[in-house]
Amino acid sequence: MSKCSAGLEITEGRPQGLPLYHPGLADVEKRLMEMAGSLYGLPAELASFIIASGGKRIRPILALHSSDFAECDHELAVDVATSVELVHMASIVHDDVIDQAMSRRGRETINARWGNHLAVLTGDLLLSKALEILSRRRKYGVVRVLANTVANMSQAEMIQASRAFDERMTEAEYTDYVSKKTAYLMAASCYSGAATSRAGRKRMACMWEYGLYLGIAFQIIDDTLDIVGDETMIGKPTGKDLACGVMTLPIIRGLQHPVAGPALREIMRSRRTGAETLSKVHHLLLESGAIAYSYAQARKYVEFAKAKLQSMPDCSARDCLLALAELVITRNA
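Quick note on numbering: my numbering labels position 203 of the sequence shown as 235, and the sequence is numbered without any gaps.
If you want it as structure tokens, here you go:
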């Protein structure tokens with residue numbers, strides 16, 4: 033039996049509990065509710081709506097598990113986990129405005145219900161609260177990491193807009209783009225969580241790389257599910273990336289195929305959308321092997337992530353993070 037600093041135990045190498053859970057998550061939820069109630073000027077209904085719209089809380093879970101590899105300050109770890117979730121929530125609110133999304137996970141978006149003006153201000157407020165929490169804790173190193181992450185996330189949105197329908201985008205450019213869009217925040221979550229403990233610089237660097245590879249795999253799966261996923265499971269319309277000209281890995285790979293490539297180019301240049309077009313694209317990408325290739329690439333990055341954990345202590349936190357990596361590759365939503 034081995035034990036992490038938080039007291040979570042494993043027996044015969046098996047984690048007790050699910051990878052998408054951590055005892056500290058209840059404290060994060062409490063902190064988020066307290067924060068929502070203290071947002072001056074924000075309608076109470078909107079504040080509650082934001083918290084209730086939360087997803088799986090993957091980023092705070094990453095931060096909390098990453099804090100468990102060495103002795104840590106639990107309250108500080110909760111503050112860090114709350115902050116990374118606030119950054120994620122802010123990015124979601126802003127993304128919905130940019131994408132003109134009317135629903136997410138079966139609920140109206142903030143911009144659909146309250147308008148773009150209030151949605152943008154809400155996102156800004158959430159982001160500022162994240163930095164305020166960390167500054168109050170004097171975790172200036174974590175503030176720098178998160179600030180740099182937010183800058184990269186913003187740059188990714190600009191890349192997405194400027195490279196829409198760009199058939200020349202390479203797989204390497206795509207990987208750099210999704211690192212900025214998604215993976216850096218997961219990496220920052222892991223790094224920041226580890227920074228609340230006595231893990232040391234080497235282990236903090238390992239956790240950054242674990243989160244980075246995990247995030248790349250996560251986004252590849254997300255992009256693939258936009259083509260082959262079930263809308264009722266995903267919680268948002270499929271085919272959105274295709275309609276907006278977002279260059280995802282399945283599309284980039286499909287464009288290289290001698291048969292599927294010309295057909296995909298014709299569809300992209302026509303700007304056709306709708307169920308029939310999505311069905312045709314789905315067929316082309318399946319037949320060309322682009323979907324299988326995308327899943328294989330996601331698997332590759334998951335294995336990279338898992339390899340980074342091998343130098344970490346053998347404890348429940350490591351087992352949960354290994355299991356979480358597998359969950360990323362097998363998810364259908």
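We put the CB at the ideal spot given by N, CA and C, even for glycine.
State the Cα-Cα distance for the pair Ser70 and Gly155, rounded to the nearest angstrom. 15 Å
Leaving out five residues before and five after Asn184 in sequence, what residues of the same chain have Cβ atoms less than 7 Å from its Cβ? Lys212 and Tyr216
What's the gap between the Cα of Leu108 and the Cα of Ser320? 49 Å
Pick from Gly225, Gly286, Gly232 and Val210 that is closest to Ile253, judged by C-alpha positions: Val210
Apart from the five residues on each side of it in sequence, which residues of its chain come closer than 7 Å, Cβ to Cβ, to Ser343? Cys238
Secondary structure, alpha helix (DSSP H): runs of 4+ residues fully inside the region 289-329: 292-302 and 307-320
Backbone secondary structure at Arg12 - three-state DSSP: Nothing can be reported for residue 12: it is not among the residues displayed for the chain, which extend from 33 to 365.
Under 8 Å by Cβ, that's how I've got Ala14 and Ala337 pegged, so tell me the actual separation to the nearest angstrom. The requested residue 14 is not part of the displayed model; the chain covers only 33 to 365.
By DSSP, does Arg200 sit in helix, in strand, or in coil? coil
Using the C-alpha atoms, what's the distance from Met190 back to Leu287? 23 Å
Length at least 4, wholly inside the region 185-243: the alpha helix (DSSP H) runs in chain order: 203-210 and 216-227
With H, G and I counted as helix, E and B as strand and the rest as coil, what does DSSP make of Glu103? coil
What are the start and end residues of the alpha helix (DSSP H) that includes Leu71? That residue, Leu71, is in no alpha helix (DSSP H); it is neither H nor E in DSSP.
Let me confirm a value: Ser115 is counted as buried when at least 16 other C-beta atoms fall within 10 Å, else exposed. Which label applies? buried
Who are the near neighbours of Val60 in its chain, counting only those whose CB is closer than 8 Å to its CB and skipping five residues on each side? Arg89, Pro92, Leu96, Val110, Ala113, Thr114 and Glu117
So within the region 137-173, which uninterrupted alpha helix (DSSP H) runs reach at least 4 residues, ignoring any that extend past its ends? 142-146 and 148-168
Pairwise C-alpha distance: Lys234 and Ala339: 15 Å
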